[in-house]
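To start, the structure itself, in structure tokens.
Residue numbers (my numbering): 10 to 288.
This is the structure in structure tokens:
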């Protein structure tokens, strides 16, 4: 899942921008070395891939030259009709023209990668133009940020997740380490081994049912849960995601938790509950 609220992204960008600008202003030489080292490491692989693509493209261009020459010779010798010759000639020339454009792009790209000395100066010129980074404005966003890469969320313990967000700046790319965003989890950071459930709870059959399961994942419809516990679920079960996550007064979710299962996902629209066994 790569979803993230735009307000959160803006806060992360502003925080990253504030940190990198403060460091750059206070440590210009160290910042320049850091950026150049980062660019150098990144470009080593890029240069390798570009050189290979350039060589492959040039080889294909030469092959097309040979094909064009043979087509012309076959036409002169009467082996190809005018119509066939014209069709092949146009195909080969169109392929060559497309290759010429790609070869030029690759050559320009490699030349650009070899001219990196001015990148830090350009970024610092942007930093020096701003005296305040208290608010992320649209002009600031356009001038400083090249792109934002949002990673998938990954689990870190029970009911806790983190999500990496990489901010790429214009001229210098990704320099800072990824900023990690933790989910707002309904459970505590360090949840107890077992949660309170009343002795006479009507949800006890659900805990017994889950304890008998041997698979690491269990999928139940809300109707399945109602059949297991022998009564209808309350309206909150169909309206609120939080109903299904452990809490102080949530017997059904606490029963699930105590049976060593976590709620991986709740689908209110289709009334489905997806559980995974606690590792």
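Every residue, glycine too, gets a C-beta built ideally from N, C-alpha and C.
As the structure is a prediction and not an experimental result, all values here were calculated from the model.
Leaving aside the five residues that flank residue 184 on each side, the residues in its chain whose CB is nearer than 8 Å to its CB run, in chain order, 29, 43, 44, 47 and 178. Residue 245 counts as exposed, since fewer than 16 other beta carbons sit within 10 angstroms of its beta carbon. Within its own chain, the residues whose Cβ lies closer than 7 Å to the Cβ of residue 131, once the five positions on either side in sequence are excluded, are 180, listed in chain order. Our two residues, residue 268 and residue 220, have alpha carbons roughly 6 Å apart in a direct line.
DSSP places residue 163 within a strand segment (E or B) once states are collapsed to three. Taking C-beta atoms as the reference points, residue 271 and residue 287 count as a pair closer than 8 Å. Annotated as distal: residue 159 and residue 171, with beta-carbon spacing of 8 Å or more. A direct Cα-Cα distance of roughly 11 Å separates residue 97 from residue 84.
Rounded to whole angstroms, the separation of the alpha carbons of residue 25 and residue 149 is 13 Å. Residues of the same chain with a CB within less than 6 Å of the CB of residue 227, apart from the 5 flanking positions on each side, are 284 in chain order. Between residue 157 and residue 176, the gap from beta carbon to beta carbon is short of 8 Å. Going by DSSP, residue 274 is part of the beta strand (DSSP E) stretching over 270 to 276. Sequence-distant Cβ neighbours of residue 273 in its own chain, meaning closer than 7 Å and more than five residues away, are 283, 284 and 285.
Looking at the DSSP output, residue 157 sits in a beta bridge with 176. Nearest to residue 139 by alpha-carbon distance, out of 129, 152 and 128, is 152. Per DSSP, the beta bridge partners of residue 228 are 283.
Here residue 182 is bridged, per DSSP, to 178. Excluding residues up to 5 positions away in sequence, nothing lies with its Cβ nearer than 6 Å to the Cβ of residue 36 in the same chain. Exclusion of the five residues before and after residue 69 leaves 108 as the residues of its chain whose Cβ lies within less than 7 Å of its Cβ.
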